[in-house]
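Report on one structure; see the data block that follows.
In the UniProt record's numbering, the protein residues as written are 1 to 559.
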């Protein structure tokens, strides 16, 4: 179990690195038992890195006798790149807004005052998860960020929210975060959003509800008359949002253990609502999937008897090649479902920044893009899948052709779409292929996150391999079935029949391929690698590569 914490302690954010734990405690022990053991280790001079889910059904506690340097943390590993898809909502907008309306009805009936309703988003991830943490934590000024790597699970938390901090003198602080407004690139719009949040009575009312809830929770472990609201309604700036934050402090009684503190405070009221127990039951009935480490807590016990725990908002949990991300907000009687949905999108927008883009490569003949409707439909589908903004693709293509006077000749037209909806278009002359291309088999089955195979993006590492201008690479899957070339679909001609692998083999649904299927020119069938080689060697089949720019290209297999 490795960990990298970037927690603010005594007003300063410090980077601490942990490897080679003395022991790791997991679900084999009840969480309360493990937490007692961790507190005893702390008293004996050890660090304890703690991660527990909102449901308290999964936890990791690593015990460490020291911190290490960054170089030791890497332990000879070279930092690598990563690729991740944009988050996709697990529910439709209609489902989310209906749930928000149901919450509003509960508040109107007096069952609850505020509910922190959340939903889950999913995506694909491959590569170095610690590099993801370093990049995002440098871009998002979360003061309570943590990276945790244990077996097949990686937690990347960029949290700006403190659950509680307790110093060696047993003074406890908590900083509930409630109230959000979006950031804008335009300075005037950005300032307007800041001022709106600063004076928002709705957000202040929500914030006060949670402050009162936390004051009540902390009073269970505090010395008499020591609970106080130190600061109210501070506005903090983050990369994509403004947040309203208040501070509650108290002095903890000498007889209180860490388990006592968890019993009184966990989970944090800012991510449940008020009244706490009733609202948690409502959350359980509305939210379709567990929150997991999102909205649980990640924390660190220091050898000096102090501790810091975060509220893991803005937190990804990566398992294998999939990640899950949670987002939501506080719902009251005067919340608007559409506005709350937009807030969820604002809270996830930072995950789409600086990533991959979508690609369409087209054939332009004498001012006309061939198969334009197919390209527009595929781009629309991929943009919707990845939650990209969608411009008027056809209008942009038409404007580009007119502006560049491309009414004569044959060109390869390339359109690249960013997550923000920016479309970059370029063109190059396209000469006919006079000679067959030589295909070499990939050295290994194709590997890559499904999203980056099924959609045409700038993520191309799964198609790695050196070729020259007269070569292409032919890929196959783990079942040794043929999939596709690195730059197009494969078509086999056998007698008078033409066929190509099905999408289920793990391919990019090519535009040229789909148009030929719709026209009845080619059909789909699985193509075992050994069958292809045997039929090719015996002269029973001919091979072609097809793509929308070059159309039909003859292929010969390398000897």
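For every residue, glycine included, the Cβ atom is placed at its ideal position computed from N, Cα and C.
Alpha helix (DSSP H) segments (min. 4 residues) lying fully within the region 462–528: 511–518
Report the option in 234, 172, 274 and 369 whose CA atom is closest to the CA atom of residue 227. As a first step, residue 227 must be located in the chain shown, where it is residue number 227. Selected option, being the one with the closest Cα: 172.
Contained beta strand (DSSP E) runs [length at least 3] in the region 378–451, N- to C-terminal order: 410–417, 423–429 and 437–441
Using only alpha-carbon positions, find the residue among 439, 436 and 477 that is nearest to residue 450. Residue 450 sits at position 450 when you count from the first residue of the chain shown. Answer by Cα proximity: 477.
Continuous beta strand (DSSP E) assignments of at least 3 residues falling wholly in the region 12–46: 12–18 and 23–25
Coil, strand or helix - residue 533 by DSSP: In the chain shown, the residue the question calls residue 533 occupies position 533. The answer is helix: DSSP assigns residue 533 an H, G or I state.
Could you give the distance in angstroms between the alpha-carbon of residue 420 and the alpha-carbon of residue 559? The sequence position of residue 420 within the chain shown is 420, counting from 1. The sequence position of residue 559 within the chain shown is 559, counting from 1. Rounded to the nearest angstrom, the two C-alpha atoms are 46 angstroms apart.
For the alpha helix (DSSP H) that residue 99 lies in, which residues bound it at each end? For the purposes of this step, residue 99 is taken as residue 99 along the chain shown, with counting starting at 1. Note, residue 99: alpha helix (DSSP H), 93–108.
Under 8 angstroms, do residue 3 and residue 147 count as touching if we go by C-beta distance? Against the chain shown, residue 3 aligns to sequence position 3. Against the chain shown, residue 147 aligns to sequence position 147. Yes; because the gap between Cβ atoms is below 8 angstroms, this pair is in contact.
When DSSP labels each residue in this structure, what does residue 150 get in the three-state scheme? As a position in the chain shown, residue 150 is number 150, starting the count at 1. Secondary structure of residue 150 (DSSP, three-state): strand.
From residue 319 to residue 84, what does the alpha carbon distance come to, in whole angstroms? In the chain shown, the residue the question calls residue 319 occupies position 319. In the chain shown, the residue the question calls residue 84 occupies position 84. Each residue's Cα considered, the two are about 13 angstroms apart.
Near residue 248, what residues of its chain come up, given a Cβ to Cβ distance below 8 angstroms and the 5 sequence neighbours on each side ignored? Stepping through the chain shown from its first residue, residue 248 is reached at position 248. Hits under 8 angstroms: 173, 174, 175, 176, 211, 214, 215, 218, 227, 228, 229 and 230.
DSSP on residue 208, reduced to helix/strand/coil? Translated into the one-based positions of the chain shown, residue 208 becomes position 208. It is helical.
By how many angstroms is the C-alpha of residue 458 removed from the C-alpha of residue 331? The residue given as residue 331 occupies position 331 in the chain shown. The residue given as residue 458 occupies position 458 in the chain shown. Each residue's Cα considered, the two are about 38 angstroms apart.
Quick one: what's got a C-beta closer than 8 angstroms to residue 38's C-beta in the same chain, skipping five residues either side? Position 38 of the chain shown, counted from the start, is the residue given in the question as residue 38. Once the five neighbours on either side are set aside, the close Cβ partners of residue 38 are 25, 48, 50, 61, 63, 258 and 301.
Measure from the alpha carbon of residue 496 to the alpha carbon of each residue in 521, 56, 398 and 515, then state which is nearest. Translated into the one-based positions of the chain shown, residue 496 becomes position 496. When each option's Cα is compared against that of residue 496, the closest is 521.
Closest Cβ-Cβ distance between residue 24 and chain D: below 8 angstroms? Going by chain labels, chain D is absent from the structure shown, which holds only one protein chain.
Would you decide whether residue 418 is buried or exposed? Buried here means 16 or more other CB atoms lie within 10 Å of its CB. Walking along the chain shown from the start, residue 418 turns up at place 418. Residue 418 should be labelled buried.
My output table needs one value for residue 331: the three-state DSSP class, helix, strand or coil. As a first step, residue 331 is located in the chain shown; it is residue number 331 there, counting from the start. Looking at residue 331 - three-state DSSP - the assignment turns out to be strand.
Would the region 83–100 and the region 324–340 be scored as touching if the rule is three or more Cβ pairs under 8 angstroms? yes
Could you work out which residue in 34, 43 and 240 is closest to residue 56 when comparing CA atoms only? Against the chain shown, residue 56 aligns to sequence position 56. Considering only alpha carbons, the answer is 34.
Between the region 427–438 and the region 402–414, do three or more beta carbon pairs fall short of 8 angstroms? The region 427–438 makes contact with the region 402–414: 3 or more CB pairs, one atom from each, lie closer than 8 angstroms.
Could you check what DSSP says for residue 271 in three-state terms: helix, strand or coil? For the purposes of this step, residue 271 is identified with residue 271 of the chain shown, where counting begins at 1. In this structure, residue 271 counts as helix in the three-state DSSP scheme.
Nearest to residue 155 by alpha carbon, out of 116, 129 and 553? Within the chain shown, residue 155 is the residue found at index 155, counting from 1. Checking every option, the nearest Cα to that of residue 155 belongs to 129.
Helix, strand or coil, according to DSSP, for residue 339 in the structure here? Position 339 of the chain shown, counting from 1, holds the residue named residue 339. DSSP places residue 339 in helix when its eight states are reduced to three.
Between the C-alpha atoms of residue 441 and residue 545, what's the straight-line distance to the nearest angstrom? Against the chain shown, residue 441 aligns to sequence position 441. Against the chain shown, residue 545 aligns to sequence position 545. In a straight line, the C-alpha of residue 441 is about 14 angstroms away from that of residue 545.
Identified DSSP bridge partners for residue 139: Within the chain shown, numbered from 1, the residue matching residue 139 stands at position 139. Answer by DSSP bridge pairing: none, since residue 139 is not bridged.
Count the other CB atoms within 10 Å of the CB of residue 533; is the residue buried (16 or more) or exposed (fewer)? Numbered from 1 along the chain shown, position 533 holds the residue referred to as residue 533. When all chains shown are included, residue 533 counts as exposed.
Please confirm whether residue 54 and residue 267 have their CB atoms less than 8 angstroms apart. For the purposes of this step, residue 54 is identified with residue 54 of the chain shown, where counting begins at 1. For the purposes of this step, residue 267 is identified with residue 267 of the chain shown, where counting begins at 1. In this structure, residue 267 lies closer than 8 angstroms to residue 54 by Cβ.
Check whether the region 234–243 and the region 344–352 are in contact - that is, three or more C-beta pairs closer than 8 angstroms. yes
Determine whether the beta carbon atoms of residue 493 and residue 527 lie at a separation below 8 angstroms. The residue given as residue 493 occupies position 493 in the chain shown. The residue given as residue 527 occupies position 527 in the chain shown. Cβ atoms of residue 493 and residue 527: not closer than 8 angstroms.
Using the Cα positions of residue 386 and residue 328, report the straight-line distance between them to the nearest angstrom. The residue given as residue 386 occupies position 386 in the chain shown. The residue given as residue 328 occupies position 328 in the chain shown. If I take the Cα positions, the gap works out to 19 angstroms.
Where in the region 151–205 do unbroken runs of the beta strand (DSSP E), each at least 3 residues long, occur, reported from the N-terminal end onward? 153–159, 162–166, 171–174 and 177–182
Can you tell me whether DSSP reads residue 260 as helix, strand or coil? Within the chain shown, the letter at position 260 stands for residue 260. Helix.
If residue 159 sits next to residue 271, beta carbons under 8 angstroms apart, how far is it from one beta carbon to the other, in whole angstroms? If you number the chain shown from 1, residue 159 lands on position 159. If you number the chain shown from 1, residue 271 lands on position 271. With 8 angstroms as the limit, residue 159 and residue 271 do not qualify as a contact, their Cβ atoms being about 11 angstroms apart.
Test item: CB-CB of residue 310 and residue 292 under 8 angstroms: Within the chain shown, numbered from 1, the residue matching residue 310 stands at position 310. Within the chain shown, numbered from 1, the residue matching residue 292 stands at position 292. Against a cut-off of 8 angstroms, the Cβ pair of residue 292 and residue 310 comes out as no contact.
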